[in-house]
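Down below is the structure, laid out as structure tokens.
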Amino acid sequence: MKTNKPANSTLKQNFTAPKPNGQIDIPRTKKLILTAMLTAFALVAFVIEASIPPLTPIYGIKLGLANVFTLFALYSLGTHCAAAVMSLRIVLGSIFTGQLVSFIYSVSGSLLSFLLMILLKRFFQLKQLWVLSILSAVTHNIGQLAAAIFMTQTPAIAYYLPVLILSGIIAGAFTGLCAQLVLIRLSKINNNLD
Amino acid sequence: MKKSSTSTRNSDKQNDIIGSDLYDCSQTVSYKVKNRIWIIVFSVLAVLCLGAWLFISNISSPSKIVEIYQNGSLVEKIDLNSVTNEREITLSGEHGTNIILISNGHIKMKSADCPDKLCVKHGELKNSYSPIVCLPNKVVIKFENSSDGVDAKAGAVR
Numbered sequence: 147m148k149t150n151k152p153a154n155s156t157l158k159q160n161f162t163a164p165k166p167n168g169q170i171d172i173p174r175t176k177k178l179i180l181t182a183m184l185t186a187f188a189l190v191a192f193v194i195e196a197s198i199p200p201l202t203p204i205y206g207i208k209l210g211l212a213n214v215f216t217l218f219a220l221y222s223l224g225t226h227c228a229a230a231v232m233s234l235r236i237v238l239g240s241i242f243t244g245q246l247v248s249f250i251y252s253v254s255g256s257l258l259s260f261l262l263m264i265l266l267k268r269f270f271q272l273k274q275l276w277v278l279s280i281l282s283a284v285t286h287n288i289g290q291l292a293a294a295i296f297m298t299q300t301p302a303i304a305y306y307l308p309v310l311i312l313s314g315i316i317a318g319a320f321t322g323l324c325a326q327l328v329l330i331r332l333s334k335i336n337n338n339l340d
Numbered sequence: 028m029k030k031s032s033t034s035t036r037n038s039d040k041q042n043d044i045i046g047s048d049l050y051d052c053s054q055t056v057s058y059k060v061k062n063r064i065w066i067i068v069f070s071v072l073a074v075l076c077l078g079a080w081l082f083i084s085n086i087s088s089p090s091k092i093v094e095i096y097q098n099g100s101l102v103e104k105i106d107l108n109s110v111t112n113e114r115e116i117t118l119s120g121e122h123g124t125n126i127i128l129i130s131n132g133h134i135k136m137k138s139a140d141c142p143d144k145l146c147v148k149h150g151e152l153k154n155s156y157s158p159i160v161c162l163p164n165k166v167v168i169k170f171e172n173s174s175d176g177v178d179a180k181a182g183a184v185r
């Protein structure tokens, strides 16, 4: 009993003590499991969203629910895990939905937006996550548009740019607020559990 | 036992620090100000985009010569005013099949085997700034010499 108690407390401390920047300091195994779970959640969200018929007759406008989990991973687990969640989601998601063409657009947009996210993450705290989300959603749409122009060899599609920026702002605000509110509530729970 | 109690106290302290870091009143004020600035920035951008979209989509094309592209190369060039009776063009490529309906002054995508059918939902080709695009099958229908105008427009929007 005597040896058990301190070991238990250090274990608990290891699991729940977050760093001052809001990131939770967790052991590798738990990180791996959380990454895998977030990837699975993101995949489910992606597949469900892909099966809903598009609302507007413009290619590339969608909510991007799977991005909630990427943002969650970025702020709670770090850059590496977020990259894993996102790349796995794109590869597996395009296999599940069976659209190889959309895979190319998805990769180009995601790569650009993820680069922006890891570059700008240090400037945005948890309460400003939605700003980062909007910026990344807009760059995602711009990357997708650039890939579409390159693939179809028609610069005329650049006409869609204002609509894609607008949809990026709306969708980015939604997904960013989702991830932000969940993260703030989770950090409150973590504080109360100790 | 003594050691364990100090360690738990330490962790409590750490959590207090984090809690204050996240929910400190003086910091939330600056967050609120920053958030307000960002909200203004994004709403202005959204309004600008909406305006640009409405402006672009209201321009109608003066010429009625239509070009059909597949895989980036010109397949057919038709003057819509010289079309007398309705006819269909079937485009089949490595990616899928599209059926285009042409009548006097009008052109639209009748059917396509792409998954989302956005090109069919687009309806008739109205102006040079909104070409009918089927991304999965790589088919583009647009008015002739519209590329100059769109390039200039895209440069202005950027």
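Chains as they are written, first to last, in this note's numbering: chain A, 147 to 340; chain B, 28 to 185.
Beta carbons: idealized from backbone N, C-alpha and C, even for Gly.
Would you mind stating whether residue i and residue j have Cβ atoms separated by less than 9 angstroms?
i        : j        : result
B:LYS104 : B:ILE95  : yes
B:ILE152 : B:VAL93  : According to the sequence displayed, residue 152 of chain B carries Leu and not Ile. Yes, these two residues count as a Cβ contact at 9 angstroms.
A:ILE250 : A:MET183 : no
Checking contacts by CB at 9 angstroms: is residue i closer than that to chain B?
i        : result
A:LYS273 : yes
A:ALA212 : no
A:ALA294 : yes
A:PRO173 : no
Quick one: does residue i have its CB under 9 angstroms from some CB of chain A?
i        : result
B:ALA79  : yes
B:GLY120 : no
B:ALA139 : no
B:GLU135 : The sequence given here has Lys at residue 135 of chain B, not Glu. Cβ-Cβ to chain A under 9 angstroms: no for B:LYS135.
B:LYS153 : no
Closest to residue i by C-alpha separation, out of the options, would be which residue?
i        : options                                   : result
A:LEU217 : A:LEU262, A:SER313, A:ILE288 and A:VAL253 : A:LEU262
A:SER313 : A:ALA188, A:TYR221, A:LEU209 and A:ALA302 : A:LEU209
A:CYS324 : A:ILE335, A:GLY289, A:ASN213 and A:VAL309 : A:ASN213
B:LYS59  : A:ALA230, A:PHE270, A:SER222 and A:PRO199 : A:PHE270
A:GLN245 : B:ILE66, B:TRP80 and B:ASN164             : B:ASN164
A:SER254 : A:HIS286, A:PRO200, A:LYS334 and A:VAL328 : A:HIS286
B:SER90  : B:THR124, B:ASN108 and B:VAL102           : B:ASN108
B:ILE66  : A:SER279, A:ALA304 and A:GLY289           : A:SER279
A:HIS226 : A:SER240, A:SER197 and A:ARG174           : A:ARG174
B:PHE188 : B:ILE159, B:GLY132, B:SER155 and B:VAL166 : The structure shown does not extend to residue 188 of chain B, since chain B is modelled only from 28 through 185, so no value can be given for it.
A:THR202 : B:PRO158, B:VAL166 and B:HIS149           : B:HIS149
B:GLU27  : B:VAL102, B:SER119, B:VAL160 and B:SER130 : Only positions 28 to 185 of chain B appear in this structure, which leaves residue 27 of chain B out of reach.
Which class does residue i belong to by DSSP, given the choice of helix, strand or coil?
i        : result
A:HIS226 : helix
A:LEU212 : First, the residue type needs correcting, since residue 212 of chain A is Ala and not Leu in the sequence shown. The answer is coil: DSSP assigns A:ALA212 none of H, G, I, E or B.
A:PHE218 : helix
B:ASN98  : coil
A:ILE241 : helix
B:GLU151 : strand
B:LYS165 : coil
B:HIS133 : strand
A:PHE249 : helix
A:LYS334 : helix
Exercise. Can you find at least 3 beta carbon pairs, one from the region 72-82 of chain B and one from the region 301-313 of chain A, that sit closer than 8 angstroms?
Worked result: yes
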